[in-house]
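Remarks on the structure that follows.
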DNA sequence: ATGAATTCTGGACTCAGTCAAGTATTTGAT
DNA sequence: ATCAAATACTTGACTGAGTCCAGAATTCAT
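Residue numbers (my numbering), protein chains in the order written: chain A, 374 to 539; chain B, 374 to 539.
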């Protein structure tokens with residue numbers, strides 16, 4: 374049963390260990406999972422693993438481009454194994470649910486900035502923020518951010534204008 | 374001296390306090406500063422302020438859209454007072470230097486998700502990652518192949534705060 | 001001037017992630 | 001198959017960014 378992943382690791386100069394195989398499988402079966410979620414998953418399969426091993430492996434894999442790490446504001450880093458294409462993400466402000474979004478421009482797009490300040494740009498990260506259907510129902514018409522520490526929506530009437538235009 | 378900002382706060386239903394005025398001034402004079410940098414700056418002006426007050430104020434301001442918060446992967450949240458227009462950011466993987474980038478594509482076709490999964494999208498966040506000229510010189514072309522995710526500044530701090538997962 | 005509402009302070013606490021050092025595995029060469 | 005070097009894993013302490021809480025201090029409408 375050690376073939377695909379096994380080979381992938383070897384080809385990238387990484388040693389093959391039970392932990393790594395389990396981590397890679399976890400990533401591909403739980404796209405957009407956080408490190409903690411992956412730890413839980415792996416423990417369910419392997420029995421036990423240290424948090425450090427997971428972080429180390431994830432970094433190693435990310436460095437070799439076998440997994441992609443995304444770090445949305447307001448949540449821990451998430452990992453996915455869909456690499457090699459430049460796709461983006463759609464994240465719900467309510468529940469954090471994340472979806473992949475194909476780039477509207479095809480191949481390796483979006484890498485063009487008007488004024489690149491002489492930078493050597495290697496990636497354009499795009500995140501669409503919004504509310505998923507069920508969170509819309511749960512708290513219909515409540516701006517971004519959840520109300521802080523108060524009862525759900527109360528006095529504060531401030532309703533910033535519509536969605537900021539893009 | 375208390376006119377513009379003062380008024381802005383009042384108009385948004387926020388009480389006017391010395392701390393808030395100082396924080397707003399700090400934000401506008403140090404675009405892209407982190408909360409800690411702002412605290413230092415404000416202390417230099419006001420004398421002293423609690424960390425909590427700064428976080429509270431920043432959140433309140435962000436909520437009223439008087440300030441925009443950006444949370445680039447691998448660094449603490451940064452704040453800027455350029456709001457109301459949709460501009461993006463160019464960040465150096467080496468030193469974290471951040472620049473504003475006007476929307477590159479005009480109407481930005483790239484910012485309209487192909488399949489919106491029935492989300493109510495309110496923002497498209499774009500971050501261009503690369504290396505600034507001086508970091509390019511500092512570590513010129515390391516490992517032609519691997520590239521991406523340079524080792525420098527590996528400190529990635531936890532980031533949460535935004536929408537709480539429910 | 002007064003008091004209710006809002007804001008500020010300070011300290012404890014949480015979370016995601018990192019550092020360090022010692023132990024265990026993998027792997028290539030014999 | 002053996003063995004040592006290279007890599008990987010484990011434990012546990014530690015950090016930085018941000019949050020929670022309760023009491024003290026301000027702000028502002030009357």
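Where a beta carbon is used, it is the ideal one built from N, C-alpha and C, also for glycine.
Under 9 Å between beta-carbons, which chain A residues line up against residue i? List them in chain order, please.
{"i": "residue 504(B)", "result": "492, 493, 494 and 495"}
{"i": "residue 463(B)", "result": "486, 488, 489, 490, 492 and 494"}
{"i": "residue 444(B)", "result": "444, 445, 446 and 447"}
Quickly, what does DSSP pair residue i with across the bridge? List them, please.
{"i": "residue 472(A)", "result": "463(A)"}
{"i": "residue 435(B)", "result": "Per DSSP, none; premise fails for residue 435(B)."}
{"i": "residue 498(B)", "result": "500(A)"}
{"i": "residue 384(B)", "result": "In the DSSP output, where bridge partners are listed per residue, residue 384(B) has none listed."}
{"i": "residue 412(B)", "result": "According to DSSP, residue 412(B) bridges with nothing at all."}
{"i": "residue 430(A)", "result": "Partner(s): none; residue 430(A) has no beta bridge."}
{"i": "residue 407(A)", "result": "451(A)"}
{"i": "residue 441(A)", "result": "453(A)"}
Have a look at residue i and residue j and give me their C-alpha separation to the nearest angstrom.
{"i": "residue 398(A)", "j": "residue 473(A)", "result": "19 Å"}
{"i": "residue 393(A)", "j": "residue 430(A)", "result": "7 Å"}
{"i": "residue 425(A)", "j": "residue 501(B)", "result": "29 Å"}
{"i": "residue 385(B)", "j": "residue 506(A)", "result": "30 Å"}
{"i": "residue 383(B)", "j": "residue 453(A)", "result": "45 Å"}
{"i": "residue 416(A)", "j": "residue 396(A)", "result": "10 Å"}
{"i": "residue 389(A)", "j": "residue 471(A)", "result": "30 Å"}
{"i": "residue 357(B)", "j": "residue 489(B)", "result": "Outside the shown range of chain B, which is 374 to 539, sits residue 357(B), and nothing can be said about it."}
{"i": "residue 381(B)", "j": "residue 406(B)", "result": "21 Å"}
{"i": "residue 448(B)", "j": "residue 401(A)", "result": "27 Å"}
{"i": "residue 391(A)", "j": "residue 491(B)", "result": "40 Å"}
{"i": "residue 458(B)", "j": "residue 442(B)", "result": "14 Å"}
{"i": "residue 444(B)", "j": "residue 445(A)", "result": "8 Å"}
{"i": "residue 462(B)", "j": "residue 414(A)", "result": "35 Å"}
{"i": "residue 481(A)", "j": "residue 439(A)", "result": "The pLDDT assigned to residue 481(A) is 48, lower than 50, so where the model puts this residue is not dependable; a value taken from the coordinates is nonetheless given after this. About 18 Å."}
{"i": "residue 528(B)", "j": "residue 475(B)", "result": "The predicted position of residue 528(B) is uncertain, since its pLDDT is 35 and thus under 50; a value taken from the coordinates is nonetheless stated next. Those two C-alpha atoms are separated by around 28 Å."}
{"i": "residue 535(A)", "j": "residue 427(B)", "result": "Note that residue 535(A) scores 32 on pLDDT, short of 50, meaning its location in the model is unreliable; the coordinates nonetheless yield the value given after this. Rounded to the nearest angstrom, the two C-alpha atoms are 27 Å apart."}
{"i": "residue 408(A)", "j": "residue 432(A)", "result": "11 Å"}
{"i": "residue 504(A)", "j": "residue 412(B)", "result": "32 Å"}
{"i": "residue 450(A)", "j": "residue 451(B)", "result": "18 Å"}
{"i": "residue 410(B)", "j": "residue 510(B)", "result": "27 Å"}
Using a Cβ cut-off of 7 Å, pull out every chain B residue sitting near residue i, in sequence order please.
{"i": "residue 500(A)", "result": "498"}
Taking the alpha carbon of residue i as the point to measure from, which residue in the options has its own alpha carbon closest?
{"i": "residue 437(A)", "options": "380(A), 387(A) and 448(A)", "result": "387(A)"}
{"i": "residue 434(B)", "options": "379(B), 509(B) and 492(B)", "result": "379(B)"}
{"i": "residue 404(B)", "options": "456(B), 495(B), 508(B) and 494(B)", "result": "456(B)"}
{"i": "residue 508(A)", "options": "503(B), 508(B), 504(B) and 493(B)", "result": "493(B)"}
{"i": "residue 460(A)", "options": "504(A), 410(A), 511(A) and 496(A)", "result": "496(A)"}
Residue i versus chain B: which residues are under 9 Å apart at the beta carbon?
{"i": "residue 509(A)", "result": "491, 492 and 493"}
key: Contact the segment 453-472 of chain B vs the segment 415-424 of chain B: 3+ CB pairs below 8 Å   = no
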